[in-house]
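> One structure coming up, written as C-alpha cells, with questions to follow.
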Amino acid sequence: MIKENTKKQDLLWYVLIVVLLLVPFIPQVAANSFTQHVFILILLYASMSQAWNIIGGYCGQVSFGHSVFFGIGAYGAGMAVVKFGITPWPGIIIGSLLAMVVAVLISYPCFKLKGHYFAIATFAIVEIFNRLFMVWYWVNGALGLDYPMVKTGWTNFVWYRTKIPYYYGALILFTTIFSIVRFIERNRFGYYLRAVREDQETAEATGINSTFIKLSAMALSAFLASFCGAFFVQYNFRVDPPMVMSLQVSMVFVLVTILGGAGTLFGPLLGALILIPLQEYTRVLWGGLGRGTDLMLFGFLIVLIMVRQPKGIMGLINEYLNYRKTRKIISAQPEINS
Amino acid sequence: MSETILEVDNINCAYDNVPVIFGVSFEVKEKELVAIVGANGAGKSTIMKTIAGLVHPKKGAIKYKGKDISHLPANMILRRGISYIPEGRRLFAKLTVVENLELGAYIENDRGEIEKRKKEILKLFPILEERRKQIAETLSGGEQQMLSIARGLMSKPELLMLDELSLGLMPSLVESVMETIVRIKQQGTTILMVEQKVQEALEIANRGYVIQTGKIVQAGSSQELLNSDEVKKAYLGM
Amino acid sequence: MTMFFQVAIDGLLTGMVYALVASGLSLIWGVMDVLNFAHGEFLMLGMYVSYWLGFLINFDPLISWIASGVFCFLLGILTYKLIIHHCLLGPPLSALLATFGLSMILKNFALNRFSPNYRLLTGTLLDGKRTLIGNIVLPMPQLITSIFALVVVFIIYYVIKRTRLGWAIQATAMDKEAAELMGINTERIFLLVFGLGGLCVGVAGGLLPSYLAVHPEVGGLFGLIAFVCVAMGGFGSIPGALLAALLIGLVEALGGFYIAPVFKYVVVFGLYLLVVMLKPKGLFGW
Amino acid sequence: MNFIKKISIIILTTLLVFTLVNGAAFAQEKIIKIGTLFPLTGSCALAGSRCKAAVETAVEVINNSHPECDVPLAAQEGLLGGYKIVLVHADHQGKPDIAKAEAERLFDQEGVYTIVGCYNSACTNPASMVAERQEKIFMCGCSSSAALTERGLQYFFRMAPTDKTESIEFCDVIEWMNGTKGANLKTIGIIYENTEFGKHAADEGKLAAAEAGFEVVVDVPFSPGATNMNSEVQTLKAKNPDVVFGACLGGDYTLWVRTMKQMDWLPKMCLNYCTGYQDPVITEQLGDDANYFMGGTGYAPEFAELMPAVAAVEKIYQEKIGVPFDSDSIQEAVATFILAQAIEKAGTLNYDTVRDTLYANEWNSPLSMGGKVAFVSGGQNAKAMSMITQLQGGEYKRVFPTELSTDEVIFPMIPWSKR
Amino acid sequence: MPLLEVCEISKKFGSLVANSKISFKVEEGNIVGLIGPNGAGKTTLFNCITGIYKPSEGKVFFDGSDITNLPPYKVARLGAVRTFQIVHSLKEMSVFDNVLIGAYLRERNTEKAREMANQCIDICYLTKIKNTRAGDLAIGHKKRLELARALATSPKLLMLDECMAGLTSTEVNESVSLIKSLKKKGITFLIVEHIMEAIMPIADKVVVLNGGLKIAEDHPEVVVHQESVIEAYLGQKYSKKFQLAAKGRNI
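These protein sequence lines are chains D, S, X, H and G, in that order.
The first sequence stops at residue 338 when you use our numbering, and every number in between is there.
The second sequence stops at residue 576 when you use our numbering, and every number in between is there.
The third sequence stops at residue 862 when you use our numbering, and every number in between is there.
The fourth sequence stops at residue 1281 when you use our numbering, and every number in between is there.
The fifth sequence stops at residue 1532 when you use our numbering, and every number in between is there.
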C-alpha cells in the first residue's frame, strides 16, 4: 500500500513539474507582469518553506531563525555584485557555505534546548543578527546594498525587462529543493529525521545520533535557504537587514509551511499557493486604501484557517483520505489481536 | 438483588473515525464489584473513558441512575457521583500529597466536609499520612498508586471506576492494592474495574464481563468466568 | 558612580514594566502551552483604552488602568473562546500562528480606527513628577507603574500557589484530562487564565500612556521582550518571569549605556542565550 | 461533505479575489493615471497616509476649478484641455521588495503614467529604478537620502532638500550663532534611528560637521519603536555635547524628549532633521516640553506670510486628514503640481518630452519655500530650501537664515527646571 | 567472557543514591532477569548501561569494550538495544515505519531494510496492524512494537524494561515463547519485569535490587526462597505460589 501511494505521488510530481513549466505560456500570465510576479513569489516561498520544512517540519525543530540564513545568502550575492562588482554566483556559493557554517555553529548549542526554549532562542538569534548587520559598516549597515545597473543575463542573474527568466530560475530552485526533500523523505535520513522529531530518546536508543541528524538537517536547510535568499536579492536588486533578516521574514516561512502542513512534501507548496496570492491580491485590492484593511483580512484568514484546520491544508486532505479509508475499515473490521 | 445504577446501552465508539467499540451493553448494580477483562487493545479502557466522559459515544446511551449521561463533559459526570481513576496514576506531579487530595474534592465547597473526608481517607491509607507534605512525583510507585486511589475517593463517589490499577506494580503491592479495593467495596462503594490480571480481578469481583475486539463475548458471575474454558485458555494462560 | 546607579535604577524600573507584561504571558504559556503572539497588541489596545479615557473624559491613567485591565480581560476571554479553544486540538504551532494572525488583525484594526498617529497623554497627575534619592532621579510614572507591577505579580503568584483555584490551575497545566476527572472545568480554567493574562497586560497598558506614546506599532518590541522574559524565567514560573524581566531591564540599560545604545537589545538577547545555555529550562523552569 | 465545502470555499475566495483584481479595468476616457506609493501600514504609516492625502489634495485642485487657490492649474479643470488625473494608490508597508513589486504593478497592470512616492528612501530607490528601466518618470517628494539624486537617473525628480543640504545648514546655524551671539558651540552629538533614513542623516551630519570643523563627540543610533530611550539619553548626557542633531520619527521623538526631561538634561541647542520635530501635532502631544527645539523646516503654518498661496490648498488637505501640511507631505503635493505643470507645458504625455520640459524650465511653485523649483542633473530640485525654525510657545518661529527670519533664537534652551 | 559486565556501578542524583555498587555479569546467550520493588533503581541501572545517564562510579563493559561513557546511540550501534518502561513509540508514524527505523541501523538499502522490518513485524505478531498509527495502539501492542523495533536493529543484547506489563496471562505466555525462540537465535536478554510468571520459567539468572543495592543474584528457584527477597519484593502469597510452581516443575 505504501508503494502504491509512492507511485501516485510520483505521478502527481511529474504532472506538477510539467504544468509549472508551461505556466508562462498561459496568456493571462504571459502578458501580465504582476501575475508573473505572484507566480515567482509562490515558487520562491514554496522553496524557502520547503527548506524550512526539512528542519521545522520533518525534524520538528521549530526555528524562527531561518531568515538569518536567508539573509546570509542574500548578502552573499549582494556583496559580490555591489562591493566587488563581479557576478553574484561566487557570492551565492560562498554565502550558502557560510550559512551552513553559521547554522551549525549557532544550532549546536541551541539543540540542547527543547520546544519553546529553542524557538525563543532562534528568535533571539535573528534579532541579534539583525541588529549586528544594521551597524556592520562593511555590509553598509542600515543603508543596505543597492544594485548598480549591470548587464542582464544569466551571468549576472539579472533581468530588467522580463520576468520569465526569474520564473524559470525560481522553478529550478523549487524543483531542486523539492526533489531533494522528496529523496530524503523516502530514505534513511528522512526516517531518522522523523524519528528524532517524534522522540529523541527512542531515536538515540535505536542507534541514531540525534545531534548529528539535527545538525545535518539544519545545515542542509540553511544551505538551501541561503540560495533562496540569493534569489530574492537578485530579484529585488536591493538588500538590507529588515528586508531579509528579521523575525517577520522568518514568520512567513513558518506560516506558509504550517498552513500547508508541516512535515509533508506538498505542504509548503499548498501553503504558498494559498498564502502568497492572498497576500498579494488583498494588498492590491485594499492596500491603497491605507487603512490596513488588507492586512486585517490577511490576518483574519490565517486565523480562520488555523481555527478550522489546525493541521494545515494537508491535514484537511489527509482527513478526507482517512475518511475514505475508514469507511473501508468499518466494513471489514480486522481482528486486532493475533 | 439491588438497584441497577449504571446502564451502558449498545454504545459505539471511535477515535478519529477509527472505530474501536461495537455495540457494547452491560450494567452495574448497587454495591457490586464488576470487573471487565480482556486482551490488549480490546477496548476496555475506551469503555471506561466513555463512561467517564473523556470520550463520547458515537451511538448508544449511558444511563446513570436512569439519566442519560453519555454526552456530559467529564467534570459534570464526576458531579453526578462517578469517579474514574485513570490508567497510569495521572497525579499532579508538582503538587504535594495534600494538595492532590484537596483537588480530588474540588467539587465540594464545604471546608469542614473536605477536612473530614481527608481525615477518613488518610486513615484508610496510613502511608500517605506520613507523607502529607511530600511532592507527588517523589513518592514511590506504590505510594503514587495509593494516592491516586485516595484522590479518586475524595469526591465521595457512589461509583468508582478503576483502570488497570496493578499495572507496573511489584507482586507484593498488587496484593495490597487488591486488598484496598475489597476494603473500599466493603464501605459500600460500587466499583467497576478493568484489569489485565484476570485471575486476581475475578477473585475479588462479584461479576465479570469479557471483552474482545470491542465486543462483549462473555458475561457472568466471577466464579462462572474463572471456570469457563474459554477464559482459562484465552486469559489465564492455562 | 551616580551615573551607574542612575542607569541601573532606570533599568530596573523598565524591567518592572516588562515583568507586568511578561507575567500575563507566562501564565498563559505555563498553563496552556500556547505562545500568545498577540500579547504585545493586547498591550497596545490597553494603552489605547487608557489614552481615550484620558483624552475624552479626562480620566487619569491612575484610574483608567482598571478599565483597560477589564477590557484586556474580556479581550483575552474572547480570544480564547473564538480562537485558541479551537487551536488546542491541533499541533502546538497552530495556536501560535493563529495568534500571529490575530496580532495582525489587532494592529491593523488600531491603524484603521485610530489612525497611525502616535498619541500621548499630557497633564496627567504624575506627568513629569519625580523624586530624588541623593543624586538619583526616580521618575514618578515609572515608579508607580513598578509598584503596580510588583503588587499584581505578587497577587497572581499568591493565587496560584496558595488557593484552591490556583491548585486547580496548576493541575490543569500538569494534566488536563486528570484535572477534568477531578471535576475541574478545565475549559473555564483556560478561559480564566487567558483572561488573567489579558488583565496583567491590560493593567500595564493602562499605566503606560502617562509616559509612553501610543501608536499601533507600540506593542511589537514589548511583546518580543516579554517572550524572552518568560522563556528566561522558565515557562509558567511567575517569579522566574519577574526576575528575568528585572535582569533584562538592568542589562538593557547598563549594556546600552556602557557598550552602545544600538547594542542594547543585542545584549538582552545575548543574555537570554547565555542563560538558557547554562540552564536549558530557564532560571526557575521545571 | 465537509471537506468539499471547505476546499471549495477556499478556492472560490481565491478565484474571486483574482477576478476582481484582473477585472478592475477603467473605461478609456480622457484620464491620466498617476500612482501613489507610500507606506500606508507599518511603522511609517502616519507619514505615508499624510503624503497620500497631500497628493490627493493636489489632484483635487488640478482636476477641478478652485479659483480660491492661487496655484498653477487651479483655475482650470484638468490638464491638456480636459484630461483628468486619476490616482491609483498602493501601499509598500515600508518594505523595499514590496515597493518594487508595487511599482511594477502600477506601471504594468494599472498602466499609470507616473508614480509619486515613496517617502522611505529605501523604498524610493528600487521603485524609481523600475521607472528608470521602463523610461518612465518617477516623482519623488520628500525622500531625503542624498544618494537618490546621485545615481545619475534620467527620469527621476525630487523636490525636497536632502539631508546633505540640511546638515550644511545646521552647521551654518552653529557658525552663525558662534559668530554673532558668542555661543561658543564646539561639540556635536547625533542621535538617530538606526534605519536607512537615520543612518543617511547621521552620515551627512558627520560629514558636514567635519567640514565645518566641529567635533562629533557622540553618535547614538537607536532601534526605532524602542520601549525606552534611557540609555540613549544617558549616553548623550554623559558626553554632554553642546549641540544635538536629531533624526527621530513620531513616537520615538516624543519618547526622546520626555526621557530628556526625566533625566533633566538638555544640550544648549538641538537641531532636528525633518520628521518628528516638524510634525504638526507635536505641540499637542508634548505641550510646553516641545519648545526651544530647533530644526530644518520646509513648511509650517506659521510661514503663512512667506507662502500665502498655501492656505487655500491647506484647507482642502486639512479636510482630508485633519492636520495642517508638514514639510514632508507638502513636498508630495509640490511633486504632483510640478508634474502636472510640466505635462501641461509639454502638451503631450510623451515621457522624453515631459522630462526635457521638466529639466528645461524653472517652475513656479507657490507651495515650495522660495516659490521656485528647478531641476539639475540627477533630478534634484536645486531651488529646494528649508529654514531653521525654533518652537517657541508652540509655534514654529523662523530664526535662520537671517534674511527671512522673524524671531530671535532663544539660546541656550531653557532648562527643564525653569519651565 | 561475559557479553555484558557491570562493575560496581553507582549513580547518585544529588543526595539520592539510586544505584550503589552494583555488579553482575550477563553471559552470552543467557536470559537474565532484573527484579526488585518499584523505585529499587532498575530503570536507572538500565539508563546507566545504555548511556542515557553517566554513572557516578563504576564501569560497564559490553562485548569486551568499555561502554561506560558512550552516548546511547553508540551503545545501540554496538548491539545493546533497549526498550522503555514508559513506551516511547514514534506516535505520528505507522507501526511499519517505526520498525523500519530500527532496521535502518544495520541496513542502509531501503528495500532490504523494508524486508527486515517486515520480518520483525511478523515475529512480533504485528502484521495485521502494521499500517496503524503507532500513537493509536493499545498499551500492549505498543510494548510489542518497542520489542519489534529493538529486534530490527539485529542486537546482540536486548534489554527489555517491563515489556509485558499490561498483558493478560495468555499474552504473557506468547511473549515468553517469543523470547525463548529469540534466545535460540543467539540473542542475549536482560529483562526487567514484575510479572514473575513470565520471568521465573525462562531466566537463567535473576538479579534482585532493593533500594539501589543488589540483594540477591542467583538462579530463580533459589531466589524465590530467599527471605530477603520475599520480604522486600514478592510478598508471602506470591512466593508460595512460585515455590509450589517450582516444585511442580521439579516433579
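Backbone N, C-alpha and C fix where the C-beta goes; we use that ideal spot for every residue, glycine too.
W1127 (chain H) by DSSP, collapsed to three states: which one?
By one-based count along the fourth sequence, residue 1127 (chain H) stands at place 265. W1127 (chain H) falls in the coil class under three-state DSSP.
> Could you check whether the Cβ of P242 (chain D) sits closer than 9 Å to any Cβ belonging to chain H?
Here residue 242 (chain D) refers to the residue found at position 242 of the first sequence. So, interface residue.
> Give the secondary structure of T434 (chain S) by DSSP, where H, G and I count as helix, E and B as strand, and everything else as coil.
Against the second sequence, residue 434 (chain S) aligns to sequence position 96. DSSP places T434 (chain S) in strand when its eight states are reduced to three.
> Quick check: the Cα distance between L289 (chain D) and I894 (chain H), rounded to an integer number of angstroms?
Reading the first sequence from its first residue, position 289 is the one you call residue 289 (chain D). Reading the fourth sequence from its first residue, position 32 is the one you call residue 894 (chain H). Approximately 20 Å between the Cα atoms of the pair.
> Using 10 angstroms around the beta-carbon of G782 (chain X), count the other beta-carbons present and answer buried if the total reaches 16, otherwise exposed.
By 1-based counting over the third sequence, the position of residue 782 (chain X) is 206. It counts as buried.
> What is the DSSP secondary structure of F888 (chain H), counted as helix, strand or coil?
Taking the first residue of the fourth sequence as position 1, residue 888 (chain H) is located at position 26. The predicted model places F888 (chain H) with a pLDDT of 48, which falls under 50 and marks its position as unreliable, so this point remains unresolved.
> Cα separation between A474 (chain S) and D586 (chain X)?
Your numbering for residue 474 (chain S) matches position 136 in the second sequence. Your numbering for residue 586 (chain X) matches position 10 in the third sequence. So the alpha carbons of these two residues sit roughly 43 Å apart.
> Tell me whether V1271 (chain H) is buried or exposed, calling it buried when 16 or more other Cβ atoms sit within 10 Å of its Cβ.
To locate residue 1271 (chain H), count along the fourth sequence from 1; it is residue 409. Buried.
> Could you tell me whether any Cβ in chain S is nearer than 9 Å to the Cβ of T590 (chain X)?
Taking the third sequence and counting its residues from 1, the one referred to as residue 590 (chain X) is at position 14. So, not an interface residue.
> Determine, for Q1016 (chain H), whether the minimum Cβ-Cβ distance to residues of chain X falls below 9 Å.
Indexing the fourth sequence from 1 puts residue 1016 (chain H) at position 154. No, no contact with chain X.
> Please list the partners that E440 (chain S) has in chain B, where partner means a Cβ-to-Cβ separation under 9 Å.
In the displayed structure, chain B is absent; the protein chains listed are D, S, X, H and G.
> Counting pairs of Cβ atoms below 8 Å between the region 895-905 of chain H and the region 913-926 of chain H, do you hit three or more?
Output reads yes: the region 913-926 of chain H touches the region 895-905 of chain H.
> Going by alpha carbons, who is nearest to G376 (chain S) out of S:I549, S:D567, S:S566, S:L564?
Taking the second sequence and counting its residues from 1, one reaches residue 376 (chain S) at position 38. The option with the nearest alpha carbon to G376 (chain S) is S:I549.
> From the DSSP output, in three-state form, read off N348 (chain S) for me.
Taking the first residue of the second sequence as 1, we reach residue 348 (chain S) at position 10. Residue state, collapsed to three classes: strand.
> Please tell me whether F309 (chain D) has its Cβ less than 9 Å away from any Cβ of chain X.
Sequence index remark: in the first sequence, residue 309 (chain D) carries index 309 (1-based). The sequence shown places Gln at residue 309 (chain D), rather than the Phe named in the question. Q309 (chain D) counts as touching chain X.
> Can you name the residues of chain G whose CB is closer than 9 Å to the CB of T257 (chain D)?
For the purposes of this step, residue 257 (chain D) is identified with residue 257 of the first sequence, where counting begins at 1. Here the premise fails: no neighbours, minimum Cβ distance about 16 Å.
> Which ranges would you report for the beta strand (DSSP E) in the region 1349-1415 of chain G if only whole runs of at least 3 residues count?
Within the region 1349-1415 of chain G, the complete beta strand (DSSP E) runs of at least 3 residues are 1361-1363.
> Can you pull the chain D neighbours of F863 (chain X), defined as C-beta to C-beta under 8 Å?
Only positions 577 to 862 of chain X appear in this structure, which leaves residue 863 (chain X) out of reach.
> I'd like to know if D294 (chain D) contacts chain H, where contact means its C-beta is closer than 9 Å to some C-beta of that chain.
As a working note, residue 294 (chain D) is residue 294 in the first sequence. So, interface residue.
> Using Cβ-Cβ distances below 7 Å, what residues of the region 369-391 of chain S are close to chain G?
Per Cβ criterion, the list reads A377, N378, G379.
> Going by DSSP in three states, Y1054 (chain H) sits in which element: helix, strand or coil?
Position 192 of the fourth sequence, counting from 1, holds the residue named residue 1054 (chain H). DSSP places Y1054 (chain H) in strand when its eight states are reduced to three.
> On a CA-only basis, which of X:A836, X:L651, X:L847, X:G616 is nearest G795 (chain X)? Give me that one, please.
Position 219 of the third sequence, counting from 1, holds the residue named residue 795 (chain X). Per the Cα distances, X:G616.
> Can you give me the Cβ contacts of S1006 (chain H) inside the same chain, cut-off strictly under 8 Å, excluding the 5 residues immediately before and after it?
The count along the fourth sequence starts at 1 and reaches residue 1006 (chain H) at position 144. If we look at S1006 (chain H) and ignore the five residues flanking it on each side, its Cβ neighbours are S983, A1022, P1023, T1024, D1025, E1028, F1059, H1062, A1063, Y1135, C1136.
> Kindly indicate the opening and closing residues of the alpha helix (DSSP H) around P464 (chain S).
Taking the second sequence and counting its residues from 1, one reaches residue 464 (chain S) at position 126. Per DSSP, P464 (chain S) belongs to the alpha helix (DSSP H) from 464-468.
> Spatial neighbours of N1147 (chain H) within its chain, please: CB distance less than 6 Å, with the 5 preceding and 5 following residues excluded, ordered by chain position.
Position 285 of the fourth sequence, counted from the start, is the residue given in the question as residue 1147 (chain H). The residue asked about is misnamed: residue 1147 (chain H) is Gln in this sequence, not Asn. Taken in chain order, the residues that qualify are T1116.
> Please report the Cβ distance between G267 (chain D) and G65 (chain D), rounded to the nearest whole angstrom; I am assuming they are in contact, meaning their Cβ atoms lie under 8 Å.
As a position in the first sequence, residue 267 (chain D) is number 267, starting the count at 1. As a position in the first sequence, residue 65 (chain D) is number 65, starting the count at 1. So it is not a contact: roughly 20 Å between Cβ atoms.
> To which residues of the same chain is A887 (chain H) closer than 6 Å at the C-beta, ignoring the five residues directly before and after it?
In the fourth sequence, the residue the question calls residue 887 (chain H) occupies position 25. At A887 (chain H) the pLDDT is 47, less than 50, meaning the model places this residue with poor confidence and gives no usable figure here.
> Hey, would you say N544 (chain S) sits closer than 9 Å to S566 (chain S), going by beta carbons?
Within the second sequence, residue 544 (chain S) is the residue found at index 206, counting from 1. Within the second sequence, residue 566 (chain S) is the residue found at index 228, counting from 1. Against a cut-off of 9 Å, the Cβ pair of S566 (chain S) and N544 (chain S) comes out as no contact.
> What is the DSSP secondary structure of I1276 (chain H), counted as helix, strand or coil?
The residue given as residue 1276 (chain H) occupies position 414 in the fourth sequence. I1276 (chain H): coil per DSSP, three-state reduction.
> Please report the straight-line C-alpha distance between P1436 (chain G) and G85 (chain D), rounded to a whole angstrom.
Taking the fifth sequence and counting its residues from 1, the one referred to as residue 1436 (chain G) is at position 155. Taking the first sequence and counting its residues from 1, the one referred to as residue 85 (chain D) is at position 85. Between P1436 (chain G) and G85 (chain D), the C-alpha separation is close to 59 Å.
> How would you label A30 (chain D), buried or exposed, when you count the other beta carbons within 10 angstroms and need 16 or more for buried?
Numbered from 1 along the first sequence, position 30 holds the residue referred to as residue 30 (chain D). Label assigned to A30 (chain D): exposed.
> Does the beta-carbon of F25 (chain D) have 16 or more other beta-carbons within 10 angstroms, so that it is buried, or is it exposed?
The sequence position of residue 25 (chain D) within the first sequence is 25, counting from 1. Exposed, by the Cβ-count rule.
> List the endpoints of the continuous beta strand (DSSP E) containing W1225 (chain H).
Mapped onto the fourth sequence, residue 1225 (chain H) falls at position 363. Its beta strand (DSSP E) spans residues 1224-1226.
> Starting from D294 (chain D), follow the alpha helix (DSSP H) in both directions and report where the run begins and ends.
Residue mapping note: residue 294 (chain D) aligns to position 294 of the first sequence, counting from 1. 293-308 is the extent of the alpha helix (DSSP H) around D294 (chain D).
> Between N1212 (chain H) and the ligand MN, is the CB less than 8 Å from at least one heavy atom?
Absent from the structure shown: the ligand MN. Ligands present: none.
> Could you check which residue in S:K523, S:T476, S:T388, S:G361 has the C-alpha nearest to that of L429 (chain S)?
If you number the second sequence from 1, residue 429 (chain S) lands on position 91. Of S:K523, S:T476, S:T388, S:G361, the residue nearest in Cα terms is S:T476.
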